[in-house]
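Working notes, structure below.
Residue numbers (mature numbering (1 follows the signal peptide of the UniProt record, and there is no 0)): -25 to -1, 1 to 352.
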């Protein structure tokens, strides 16, 4: 779950005060000719109604929720030495999301160290702000997005080497991964993402991605492969197993004559976390999804001849097939109203089914409707 801009609470407050006469959030403070600091912010908030799963199926609960609160701070000390510091609402508090020291000498070779996104599939690299759909986390996620024991919100402490050669892009990282539980020998987690753009090269920062460009990147056709591995990365202290996961994702976006844009996104994911029934029943288990899953999304962006916003209806289907549990699925039908790209959009969507980010069905099939707004600067 990615962010393209960079952040911190204390520094953001100090900068806002010091720059108040000349700049607002989203400002760039130039320190010297080669050094500067950028400041920004992002918010996603949702109003939703969900069927409670009662036998007669006629009882609904309503909820208003601030999904994300991010302050973005980034800077450069000299042309090849940079930093990122982002915050997010985590468990009700504002906490550190990213904290990265960046050495970026060339397009082909760069090194990041600190707390960052582990190289993963497109939905993890796009994050909520650069997703196509509002509810994209309905397939099983990698360990750094499974509750905190192996990282949080797709982030973990480690080192990533990344770069690009023409239309080929790579990211390879080593991270703490799961600490404790089954990993008593403190084995590291290895993660990688490789992608190739057959049409236009995607223009994202670093190894991040987007799940739609609203036609602004021209014609896009990119194939991505991600993989992660950690010895003793799942299970309990007495019943440990290795974790292996990989995903293949594809994004196609085609700009049509007349200004309409077709977007197709899909992914297949396989996790190998074969645990005994006793291990999965234990309260001491760091249990990961074991099986395969996929999703497919189709969207169409209508042209905006009068300049007041673009309408983008979409449909998404998710199927999760764990080896030892019942299958789950989810269908989402929604519409984005695009006012200013990823920086300002409205969303309305309806979902039905029981698939979720764990890969298992957490409850009976349920219907849900939500309205959302996303803002970034």
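Backbone N, C-alpha and C fix where the C-beta goes; we use that ideal spot for every residue, glycine too.
Three-way DSSP call (helix, strand, coil) for residue i in this model
i	result
residue 189	coil
residue -22	Unreliable placement is indicated for residue -22, whose pLDDT of 49 sits below 50; the coordinate value is still reported in the next sentence. It is coil, neither helix nor strand.
residue 120	helix
residue 128	coil
residue 12	strand
residue 39	strand
residue 154	coil
residue 177	coil
residue 101	helix
residue 333	coil
residue 166	strand
residue 278	coil
residue 271	strand
residue -15	With a pLDDT of 42 at residue -15, under the threshold of 50, the predicted position of this residue should be treated as unreliable, and no value is reported.
residue 2	coil
residue 95	coil
residue 248	coil
residue 254	helix
residue 87	strand
residue 34	coil
residue 114	coil
residue 159	coil
residue 141	coil
residue 57	strand
residue 222	strand
residue 215	strand
Rounded Cβ spacing between residue i and residue j (contact assumed at less than 8 Å)
i	j	result
residue 289	residue 113	In fact, because the Cβ distance is near 14 Å, the residues do not count as touching under 8 Å.
residue 118	residue 263	6 Å
residue 217	residue 245	Actually they are not in contact, since the Cβ atoms of residue 217 and residue 245 sit about 14 Å apart, beyond 8 Å.
residue 90	residue 75	7 Å
CB contact flag (residue i, residue j, <8 Å)
i	j	result
residue 356	residue 62	Nothing about residue 356 can be read from this structure; the chain reaches only from -25 to 352.
residue 240	residue 272	yes
residue 45	residue 67	no
residue 343	residue 37	no
residue 208	residue 152	yes
residue 332	residue 309	no
residue 60	residue 70	no
residue 351	residue 104	yes
residue 171	residue 143	yes
residue 148	residue 124	no
residue 236	residue 189	yes
residue 234	residue 274	no
residue 248	residue 265	yes
residue 346	residue 106	no
Taking contact to mean 3 or more Cβ pairs, one atom from each stretch, closer than 8 Å, check whether the segment 191 to 201 and the segment 157 to 169 are in contact. Contact between the segment 191 to 201 and the segment 157 to 169 is present, because at least three Cβ pairs lie under 8 Å.
Are the segment 71 to 91 and the segment 216 to 235 touching by the rule of at least three beta carbon pairs closer than 8 Å? Flag = no, the segment 71 to 91 and the segment 216 to 235 do not touch.
Meets three-Cβ-pair contact criterion under 8 Å: the segment 135 to 144 and the segment 315 to 322: Not touching, per the Cβ criterion.
Going residue by residue through the segment 300 to 324, where are the continuous alpha helix (DSSP H) segments of at least 4 residues, counting only ones entirely within it? Runs of alpha helix (DSSP H) with 4 or more residues, each lying fully within the segment 300 to 324, are absent.
Can you confirm whether the segment 333 to 340 touches the segment 293 to 308 when touching is taken to mean that 3 or more C-beta pairs between the two stretches lie within less than 8 Å? The segment 293 to 308 vs the segment 333 to 340: in contact.
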